[in-house]
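Q: Under the numbering used here, the first residue of the sequence shown carries the number 3, and numbering increases by one thereafter. C-beta atoms are modelled at their ideal positions from N, C-alpha and C, and glycine is treated no differently. Since the structure is predicted, the reported quantities are computational estimates derived from the model, not experimental observations.
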Amino acid sequence: MTFNLQLSVLSLSCAAILTACAKAPTEPAAVTGQATAVWPQLTLPVAQDAAMEQKISDMLATMTLPQKVAQMIQPEIRDISVEDMRQYGFGSYLNGGGAFPNDNKHATPADWIALAEAMYQASVDDSLDGSKIPTMWGTDAVHGHNNVIGATLFPHNIGLGAANNPALIEQIAAVTAREVMVTGIDWVFAPTVAVVRDDRWGRTYEGYSEDPAIVHDYAAAIVTGLQGAAGKDFLGAERVISTVKHFVGDGGTVGGDDQGDNIASEQQLFDIHAQGYVGGLQAGAQSVMASFNSWHGSKIHGDKYLLTDVLKDRMGFDGFVVGDWNGHGQIPGCTNDNCAQAALAGLDVYMVPTSAWKPLYYNLIAQAESGVIPLSRIDDAVRRILRVKLRAGLFDKPGPAKRPLSGKTELIGSAEHRAVARDAVQQSLVLLKNNDKLLPLNPTQRILVTGEGADNIGMQSGGWTISWQGTGNTNSDFPGGSSIYSGIKQAVDAAGGRIELSADGSYSTKPDVAVVVFGEQPYAEGNGDLDNLEYQRGNKTDLALLRKLQADGIKVVSLFISGRPLWVNPELNASDAFVAVWLPGSEGAGVADVIMANADGSVNIDFRGKLSFSWPATPQQLANVGDSDYQPLLPYGFGLRYGDTNLLSNTLNEQVAVDNSLDDLVLFERAVKPPYQLVLHSGDSSKTMDSSVAQLGNIAVRTFDNKVQEDARRLTFSGAAKVSLSSAFPADLRSYREAGSALVLELKRSGSVPDSVLLGMDCGQSCAGSINIAPQLQAMPDDSWQTLSVDLACFARQGTDFGQIFTPLSLTTTAALQLSFADIRLLPALAQSATLQCSE
Numbered sequence: 003m004t005f006n007l008q009l010s011v012l013s014l015s016c017a018a019i020l021t022a023c024a025k026a027p028t029e030p031a032a033v034t035g036q037a038t039a040v041w042p043q044l045t046l047p048v049a050q051d052a053a054m055e056q057k058i059s060d061m062l063a064t065m066t067l068p069q070k071v072a073q074m075i076q077p078e079i080r081d082i083s084v085e086d087m088r089q090y091g092f093g094s095y096l097n098g099g100g101a102f103p104n105d106n107k108h109a110t111p112a113d114w115i116a117l118a119e120a121m122y123q124a125s126v127d128d129s130l131d132g133s134k135i136p137t138m139w140g141t142d143a144v145h146g147h148n149n150v151i152g153a154t155l156f157p158h159n160i161g162l163g164a165a166n167n168p169a170l171i172e173q174i175a176a177v178t179a180r181e182v183m184v185t186g187i188d189w190v191f192a193p194t195v196a197v198v199r200d201d202r203w204g205r206t207y208e209g210y211s212e213d214p215a216i217v218h219d220y221a222a223a224i225v226t227g228l229q230g231a232a233g234k235d236f237l238g239a240e241r242v243i244s245t246v247k248h249f250v251g252d253g254g255t256v257g258g259d260d261q262g263d264n265i266a267s268e269q270q271l272f273d274i275h276a277q278g279y280v281g282g283l284q285a286g287a288q289s290v291m292a293s294f295n296s297w298h299g300s301k302i303h304g305d306k307y308l309l310t311d312v313l314k315d316r317m318g319f320d321g322f323v324v325g326d327w328n329g330h331g332q333i334p335g336c337t338n339d340n341c342a343q344a345a346l347a348g349l350d351v352y353m354v355p356t357s358a359w360k361p362l363y364y365n366l367i368a369q370a371e372s373g374v375i376p377l378s379r380i381d382d383a384v385r386r387i388l389r390v391k392l393r394a395g396l397f398d399k400p401g402p403a404k405r406p407l408s409g410k411t412e413l414i415g416s417a418e419h420r421a422v423a424r425d426a427v428q429q430s431l432v433l434l435k436n437n438d439k440l441l442p443l444n445p446t447q448r449i450l451v452t453g454e455g456a457d458n459i460g461m462q463s464g465g466w467t468i469s470w471q472g473t474g475n476t477n478s479d480f481p482g483g484s485s486i487y488s489g490i491k492q493a494v495d496a497a498g499g500r501i502e503l504s505a506d507g508s509y510s511t512k513p514d515v516a517v518v519v520f521g522e523q524p525y526a527e528g529n530g531d532l533d534n535l536e537y538q539r540g541n542k543t544d545l546a547l548l549r550k551l552q553a554d555g556i557k558v559v560s561l562f563i564s565g566r567p568l569w570v571n572p573e574l575n576a577s578d579a580f581v582a583v584w585l586p587g588s589e590g591a592g593v594a595d596v597i598m599a600n601a602d603g604s605v606n607i608d609f610r611g612k613l614s615f616s617w618p619a620t621p622q623q624l625a626n627v628g629d630s631d632y633q634p635l636l637p638y639g640f641g642l643r644y645g646d647t648n649l650l651s652n653t654l655n656e657q658v659a660v661d662n663s664l665d666d667l668v669l670f671e672r673a674v675k676p677p678y679q680l681v682l683h684s685g686d687s688s689k690t691m692d693s694s695v696a697q698l699g700n701i702a703v704r705t706f707d708n709k710v711q712e713d714a715r716r717l718t719f720s721g722a723a724k725v726s727l728s729s730a731f732p733a734d735l736r737s738y739r740e741a742g743s744a745l746v747l748e749l750k751r752s753g754s755v756p757d758s759v760l761l762g763m764d765c766g767q768s769c770a771g772s773i774n775i776a777p778q779l780q781a782m783p784d785d786s787w788q789t790l791s792v793d794l795a796c797f798a799r800q801g802t803d804f805g806q807i808f809t810p811l812s813l814t815t816t817a818a819l820q821l822s823f824a825d826i827r828l829l830p831a832l833a834q835s836a837t838l839q840c841s842e
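(1) Can you grab the Cα-Cα spacing for the pair L624 / T446, in whole Å?
(2) Tell me the DSSP secondary structure of K542 in three-state form.
(3) Can you tell me whether P810 is helix, strand or coil according to DSSP?
(4) Which residue wins for smallest C-alpha separation from G100, given the options S835, D764 and T473?
(5) Would you give the residue range spanned by the alpha helix (DSSP H) that R500 belongs to?
(6) If you run the structure through DSSP and keep just helix, strand and coil, what is I160?
(7) Between T206 and I160, which are expected to be in contact by the criterion C-beta below 8 angstroms, what is the C-beta distance as a whole number of angstroms?
(8) Let me confirm a value: D142 is counted as buried when at least 16 other C-beta atoms fall within 10 Å, else exposed. Which label applies?
(9) Can you give me the Cβ contacts of G453 inside the same chain, cut-off strictly under 6 angstroms, excluding the 5 residues immediately before and after it?
(10) Enumerate in chain order the residues of its own chain whose CB-to-CB distance from Q73 is below 6 angstroms, with the five nearest sequence positions on each side excluded.
(11) For I82, which of L669, V354 and R424 has the nearest alpha-carbon?
(12) In terms of alpha-carbon separation, which member of S768, L636, V71 and I79 lies closest to Y352?
(13) Considering only DSSP beta bridges, list what Q76 is partnered with.
(14) Would the region 762 to 770 and the region 684 to 702 be scored as touching if the rule is three or more Cβ pairs under 8 angstroms?
(15) How is the alpha helix (DSSP H) around Q2 delimited, first residue to last?
(16) Here's a check: name, in chain order, each residue in its chain whose Cβ is nearer than 7 angstroms to the Cβ of N104, leaving out the five neighbours to either side.
(17) Kindly give me the distance between the Cβ atoms of F236 and V290, rounded to whole angstroms, as I take these residues to be in contact under 8 angstroms.
(18) According to the neighbour-count rule (16 or more other Cβ atoms, all chains shown, within 10 Å of its Cβ), is Q229 buried or exposed?
(19) Can you tell me which of the three DSSP states F797 falls into?
(20) For the 8 angstroms Cβ check, are there 3 or more pairs between the region 734 to 752 and the region 814 to 827?
(21) Cβ of R739 within 9 angstroms of Cβ of F804?
(22) What do you get for Q332, buried or exposed, if any count of 16 or more other CB atoms within 10 angstroms of its CB means buried?
(23) Can you confirm whether the region 163 to 182 touches the region 523 to 540 when touching is taken to mean that 3 or more C-beta pairs between the two stretches lie within less than 8 angstroms?
(24) Under the assumption that S488 contacts A599 (Cβ atoms under 8 angstroms), give the Cβ distance between them as a whole number of angstroms.
(25) Which residues does DSSP pair with V197 in a beta bridge?
(26) How big is the Cα-Cα spacing for F272 and A37?
(27) According to the Cβ coordinates, are Y210 and S614 closer than 9 angstroms?
(28) Spatial neighbours of D757 within its chain, please: CB distance less than 7 angstroms, with the 5 preceding and 5 following residues excluded, ordered by chain position.
(29) Mark Q270 as exposed unless 16 or more other C-beta atoms lie within 10 angstroms of its C-beta, in which case mark it buried.
(30) Measuring alpha carbon to alpha carbon, tell me which residue in A553, G587, D595 and V583 is nearest N1.
(31) My output table needs one value for H298: the three-state DSSP class, helix, strand or coil.
(32) Rounded to whole angstroms, how far is the Cβ of L698 from the Cβ of R827, which I believe are closer than 8 angstroms?
(33) Less than 9 angstroms separating the beta-carbons of K435 and L717?
(34) Tell me the DSSP bridge mates of A285?
(35) Looking at the unbroken alpha helix (DSSP H) that takes in A347, where does it start and where does it end?
(36) DSSP state of I216, grouped into three classes?
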């Protein structure tokens with residue numbers, strides 16, 4: 003059953019946007035050095051001050067080139083010392099996800115303050131670098147101060163979008179700013195204003211909505227909450243510098259691939275993907291982060307038209323543009339430690355974690371001295387950085403340890419702040435199904451609470467929670483927080499009911515109702531990319547639990563934790579009530595506030611959340627409101643309230659069609675295909691091949707000509723070593739496994755072959771499969787190109803998880819071997835004729 007309901011719940015204020023959604027992508031306008039009229043000329047709320055600009059000019063006149071370039075360098079706390087700050091005087095620094103003072107996950111607020119104070123004092127110490135310009139610390143506080151143990155964690159953006167309440171968003175941002183200021187940090191990398199068009203993207207939960215209107219309004223609200231209002235408390239003692247990110251189009255890449263290519267027309271790019279920047283800049287945002295993605299093949303970090311002609315010149319942005327994590331190194335011709343093109347395009351601050359910061363610093367100086375980067379561009383970047391620092395009062399404020407909120411640790415996770423988060427949870431929940439008005443649950447009943455997410459604050463908080471991926475956390479890492487189970491238990495105990503917690507659905511006494519809390523495990527960025535939206539594809543353990551409980555004659559309430567809408571038709575059919583709880587954060591008790599009735603059976607708090615993302619009717623469906631063929635399972639704006647008639651059938655279609663439209667997945671053809679890189683492994687060391695020749699220990703690789711110039715690679719093993727095609731993020735290759743694909747290689751062996759040559763596919767730690775192809779290689783004619791194909795089922799039998807493939811190919815041997823390859827790909831429907839076949 004598919005609904006096409008009237009969209010009366012959430013108004014769509016951008017009719018032009020919906021028209022643009024349906025347009026076929028076209029090439030962007032030719033780059034002329036002047037932005038087209040597609041982009042608006044904005045009137046921004048913070049005007050330049052003549053006296054401040056003169057002060058900046060005076061400072062620039064006294065600064066040396068190394069001092070200026072240092073303002074443009076942003077290293078990470080794991081890669082620099084306080085003495086490095088004293089020597090170089092970096093304009094800023096950051097802590098990435100999972101980075102903590104003293105590399106201690108349980109660092110106290112005092113530890114954070116101590117590092118902030120030490121870095122600040124080193125930056126204003128001119129004994130080595132001759133500069134007294136204060137540095138500033140940036141952090142990813144994307145759903146609260148999420149790197150700090152004990153902080154208040156709010157629902158991720160997708161849940162906040164379902165609340166559709168800009169006033170709430172401003173309140174959340176203000177709370178976040180206060181908790182950040184307690185730890186002495188000046189600047190947060192938020193808000194994310196991506197308008198998500200493909201829910202397979204691993205960052206979908208960082209988007210508020212598929213509707214640009216909501217994103218526009220939320221961007222303005224969160225920037226105001228973080229920075230304060232222009233003309234009022236702008237960048238005051240309880241406010242931080244905000245960053246609108248990621249400019250531009252990150253939510254619209256082809257296939258939902260993280261860091262991929264957006265091929266929208268220029269009009270679509272503005273109408274759909276830039277609305278958050280209009281809202282954020284008009285609220286006074288002082289920094290914008292460049293995006294990893296490309297636009298029609300051009301990496302944004304190196305795109306002068308978008309960063310300078312559009313953002314700065316046309317839209318009038320006079321703050322600074324900061325890069326994302328070594329994003330400049332992805333520009334063709336650039337590396338992490340050498341990239342003039344980013345500065346020429348308009349990047350003002352290089353985010354450069356790892357040891358690459360030092361050679362980048364010296365390369366930028368040399369490029370400015372030689373004229374590759376005009377000094378006027380260096381001065382413009384530094385002027386923008388100093389302008390923001392002056393507006394934020396960093397030259398006048400005392401060190402972080404002596405600021406008004408510094409050290410007031412009672413504010414971190416305070417009852418007042420948690421109350422705001424709990425309210426946000428209540429407003430974000432969306433009721434999708436409610437047979438026979440099963441919800442709200444009377445707390446005087448006998449209730450079973452089960453499922454992996456029931457008593458799991460880490461799972462309900464998702465990615466960007468203490469660690470980057472949000473993994474490795476236990477409930478003890480969330481002091482003061484509450485799990486969904488603990489909130490239900492509190493309500494049941496207060497009313498005199500009975501409650502039992504079970505991980506696997508077992509129970510000592512048959513309950514009246516079972517509440518099953520299940521959903522996605524935490525992930526962040528590309529680690530969450532999928533190739534279709536089927537939940538628990540190939541391993542439906544949660545569905546089995548739901549069906550077991552229903553078979554026992556128990557009513558089932560499903561609470562679904564997820565960072566995106568997913569195809570859950572079987573799970574919906576196996577549930578009497580179904581709630582999308584998204585990623586509620588540390589205040590799981592807010593879920594119980596809504597699903598539990600008062601002791602007399604009356605409604606405590608009604609559902610208010612409405613879908614800000616369309617819910618898919620099939621695993622392959624990509625549905626966005628305004629599409630010409632819009633037929634989702636549940637439409638944008640859907641959400642039941644108590645008393646509403648249930649609309650979902652109990653017999654939704656559960657059949658999954660095999661994807662017969664798969665193209666070949668090319669891994670190597672003339673060159674290694676992105677996102678993969680050829681990596682050499684010998685002993686405990688590894689090295690990426692970034693030129694025509696590479697060597698590491700027992701392995702040497704070089705390019706050579708097969709059919710055209712340098713279209714093949716020769717591997718020479720002198721002993722134990724490995725070569726792999728690997729990516730930093732996993733790929734979901736389950737469609738290829740389901741389509742009966744084979745891994746096909748064009749190979750040539752030269753000389754003898756040892757008895758063990760392993761062809762492998764890796765899917766993360768303790769997850770890999772390998773096949774010994776030595777017999778096949780030994781049977782090949784010497785120095786003759788041959789084709790070897792391997793049924794993917796062979797790897798599956800070895801335990802390979804095709805939903806998380808980091809390395810689609812590796813070759814490992816323990817003895818001398820010379821082997822060349824010229825083409826590697828996955829070919830659908832070839833398994834039955836593969837050289838190596840494996841039945842399951």
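A: Well, looking at it:
(1) Sequence index remark: in the sequence shown, residue 624 carries index 622 (1-based). Sequence index remark: in the sequence shown, residue 446 carries index 444 (1-based). Rounded to whole angstroms, L624 to T446 spans 42 angstroms at the Cα level.
(2) Sequence index remark: in the sequence shown, residue 542 carries index 540 (1-based). Coil, per DSSP.
(3) Translated into positions along the sequence shown, residue 810 becomes position 808. P810: strand per DSSP, three-state reduction.
(4) In the sequence shown, residue 100 corresponds to position 98, counting from 1. Among S835, D764 and T473, the Cα nearest to that of G100 is on T473.
(5) As a first step, residue 500 must be located in the sequence shown, where it is residue number 498. Element bounds for R500: not the alpha helix (DSSP H) but the beta strand (DSSP E), R500 to S504.
(6) By one-based count along the sequence shown, residue 160 stands at place 158. Reduced to three states, the DSSP call for I160 is helix.
(7) Position 204 of the sequence shown holds residue 206. Position 158 of the sequence shown holds residue 160. Contact flag correct, Cβ pair sits at about 7 angstroms.
(8) Numbered from its first residue, the sequence shown carries residue 142 at position 140. Its Cβ being crowded by 16 or more others within 10 Å, D142 is buried.
(9) Here residue 453 corresponds to residue number 451 of the sequence shown, with the count starting at 1. Correct list, in chain order: V518, V519 and F520.
(10) Within the sequence shown, residue 73 is the residue found at index 71, counting from 1. Counting only Cβ-Cβ distances below 6 angstroms, and skipping sequence neighbours, we find G93, V384 and I387.
(11) As a working note, residue 82 is residue 80 in the sequence shown. Considering only alpha carbons, the answer is V354.
(12) Translated into the one-based positions of the sequence shown, residue 352 becomes position 350. When only C-alpha atoms are compared, the closest one is V71.
(13) Residue mapping note: residue 76 aligns to position 74 of the sequence shown, counting from 1. Beta-bridge pairing links Q76 to M353.
(14) no
(15) Look at the range of the chain in this structure, 3 to 842, and you will see that residue 2 is not part of it.
(16) Here residue 104 is taken as the residue at index 102 of the sequence shown, counted from 1. Result list for N104: D113, in chain order.
(17) Within the sequence shown, numbered from 1, the residue matching residue 236 stands at position 234. Within the sequence shown, numbered from 1, the residue matching residue 290 stands at position 288. Not confirmed; about 17 angstroms, so no contact.
(18) The residue you call residue 229 lines up with position 227 of the sequence shown. The residue in question, Q229, is buried, as its Cβ has 16 or more Cβ neighbours within 10 Å.
(19) The residue labelled residue 797 in the question sits at position 795 within the sequence shown. It is helical.
(20) yes
(21) Looking up residue 739 in the sequence shown gives position 737. Looking up residue 804 in the sequence shown gives position 802. Yes, the Cβ-Cβ distance between R739 and F804 is below 9 angstroms.
(22) One-based indexing of the sequence shown puts residue 332 at position 330. Buried: at least 16 other Cβ atoms inside 10 Å.
(23) no
(24) Working through the sequence shown from its first residue, we reach residue 488 at position 486. Working through the sequence shown from its first residue, we reach residue 599 at position 597. With a Cβ gap of about 18 angstroms, S488 and A599 do not count as contacting.
(25) For the purposes of this step, residue 197 is taken as the residue at position 195 of the sequence shown. DSSP, once it has assigned bridges, lists no residue as partnering V197.
(26) Taking the sequence shown and counting its residues from 1, the one referred to as residue 272 is at position 270. Taking the sequence shown and counting its residues from 1, the one referred to as residue 37 is at position 35. Each residue's alpha carbon lies about 12 angstroms from the other.
(27) By one-based count along the sequence shown, residue 210 stands at place 208. By one-based count along the sequence shown, residue 614 stands at place 612. The answer is yes: Cβ separation under 9 angstroms.
(28) In the sequence shown, residue 757 corresponds to position 755, counting from 1. A776, listed in sequence order.
(29) In the sequence shown, residue 270 corresponds to position 268, counting from 1. Classification of Q270: buried, given that the 10 Å Cβ count is 16 or more.
(30) Lying before the first or after the last residue shown, residue 1 is absent from the chain, which here runs from 3 to 842.
(31) For the purposes of this step, residue 298 is taken as the residue at position 296 of the sequence shown. In the structure shown, H298 sits in coil (DSSP, three-state: anything other than H, G, I, E or B).
(32) Position 696 of the sequence shown, counting from 1, holds the residue named residue 698. Position 825 of the sequence shown, counting from 1, holds the residue named residue 827. Contact flag wrong, Cβ pair sits at about 26 angstroms.
(33) Residue 435 sits at position 433 when you count from the first residue of the sequence shown. Residue 717 sits at position 715 when you count from the first residue of the sequence shown. Their beta carbons are not under 9 angstroms apart, which means K435 does not touch L717 by this criterion.
(34) Here residue 285 is taken as the residue at index 283 of the sequence shown, counted from 1. DSSP output for A285 lists no bridge partner at all.
(35) Locating residue 347 in the sequence shown gives position 345, counting from the first residue. Where A347 is concerned, the enclosing alpha helix (DSSP H) stretches over A342 to A347.
(36) Sequence index remark: in the sequence shown, residue 216 carries index 214 (1-based). Helix, per DSSP.
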